[in-house]
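*Asks:*
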Amino acid sequence: MWIPYGSTHYNTATGKARKRVKCEWCETAYQYDLEREVTGTSKNLLFLDGQGASDRAADRAQEKLESAIRYGVDPVPCPSCGKYQEDMFDAARNDYHLALYFGSIGSLILTFVFLVIGVNITEGRKIEMMPLWTKASMLTCLLLAGFAYLLRKWLTARMDPNDEPLEQRQAIATERCIPITDDLLEDADDVWE
Ligand SMILES: [Zn+2]
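Going by this note's numbering, the first residue of the sequence shown is number 47, and it counts up by one from there.
#1: Any contact of the segment 209–219 with the segment 142–152, i.e. 3+ C-beta pairs under 8 angstroms?
#2: Is T74 close to ligand 1? I mean its beta-carbon at under 7 angstroms from any heavy atom of the ligand.
#3: Taking the continuous alpha helix (DSSP H) assigned at G98, which residues delimit it?
#4: Does ligand 1 have a heavy atom nearer than 7 angstroms to the CB of C127?
#5: Exposed or buried, Y56, counting other C-beta atoms within 10 Å across all chains shown (16 or more means buried)?
#6: Given 8 angstroms as the limit, is there contact between the segment 119–136 and the segment 187–198, that is, 3 or more CB pairs closer than that?
#7: Which residues in the same chain have their Cβ closer than 7 angstroms to the Cβ of Y142, if we skip the five residues on either side of it in sequence?
#8: How would you label R64, buried or exposed, when you count the other beta carbons within 10 angstroms and need 16 or more for buried?
#9: Using the C-alpha atoms, what's the distance from S113 back to Q97?
#10: Among P123, M184, S53 and R116, which has the Cα closest to the Cα of K68?
#11: Cutting at 7 angstroms between CB atoms, please list the residues of its own chain near V119, excluding the five before and the five after it.
#12: Check this for me: beta carbons of S183 and F158, under 8 angstroms apart or not?
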């Protein structure tokens, strides 16, 4: 039986910050805008404190947003030499081998599907009565999911985002980089890390 004991409050916060970069390869200063959207949650136990839970969700969303903006990095290559900075490599690799990524998610979903089929066949009797083929299918799908995940991790760690075609990297730089005004450039040494 399901007894309601409270509710969950969600609060979404979005924010934007201008990130300044000094290229580690050619020392060109450049900047781009980083945008993030995060969700904060809070439980309202026994429905006693709706306003408090709502406020806490908003506070959590704000905290998460601040750290996402402060530590977040987007893969934006240097507009001058076209290279990604080293701290952008992980973010750039997120787009690699997506087939393996979706393959591992799909296999995980299939694992769950076979579990549901098995439970339905046994009709609530002991789990050991589940047909062998559902157990075997679950195990196979789970192993496939793990294998695809690890293979992707292994493959992407070996890829250098700066090996991507230069035109492709320059196109991203043109799209994302925001021109720097001369007065900003003058104190670039103070502003750019
Ligand atoms: Zn550069």
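Where is the CB? At the ideal position from N, CA and C, for every residue including glycine. Given the structure is predicted, the values throughout are model-derived calculations rather than measurements.
*Replies:* Let's see:
#1: no
#2: Locating residue 74 in the sequence shown gives position 28, where the first residue counts as 1. T74 Cβ: within cutoff of ligand 1.
#3: Here residue 98 corresponds to residue number 52 of the sequence shown, with the count starting at 1. Run containing G98: G96 to Y117, per the alpha helix (DSSP H) assignment.
#4: The residue given as residue 127 occupies position 81 in the sequence shown. For ligand 1, at least one heavy atom lies less than 7 angstroms from the Cβ of C127.
#5: The residue given as residue 56 occupies position 10 in the sequence shown. Burial call: exposed.
#6: no
#7: Residue mapping note: residue 142 aligns to position 96 of the sequence shown, counting from 1. Same-chain partners within the cutoff: T202 and M205.
#8: For this step, residue 64 is matched to residue 18 along the sequence shown. With fewer than 16 other Cβ atoms within 10 Å, it is exposed.
#9: To locate residue 97, count along the sequence shown from 1; it is residue 51. To locate residue 113, count along the sequence shown from 1; it is residue 67. Rounded to the nearest angstrom, the two C-alpha atoms are 25 angstroms apart.
#10: Residue 68 sits at position 22 when you count from the first residue of the sequence shown. Ranking P123, M184, S53 and R116 by Cα distance to K68 puts P123 first.
#11: For the purposes of this step, residue 119 is taken as the residue at position 73 of the sequence shown. Excluding sequence neighbours, V119 sits near D133, M134 and A137.
#12: For the purposes of this step, residue 183 is taken as residue 137 along the sequence shown, with counting starting at 1. For the purposes of this step, residue 158 is taken as residue 112 along the sequence shown, with counting starting at 1. No; because the gap between Cβ atoms is not below 8 angstroms, this pair is not in contact.
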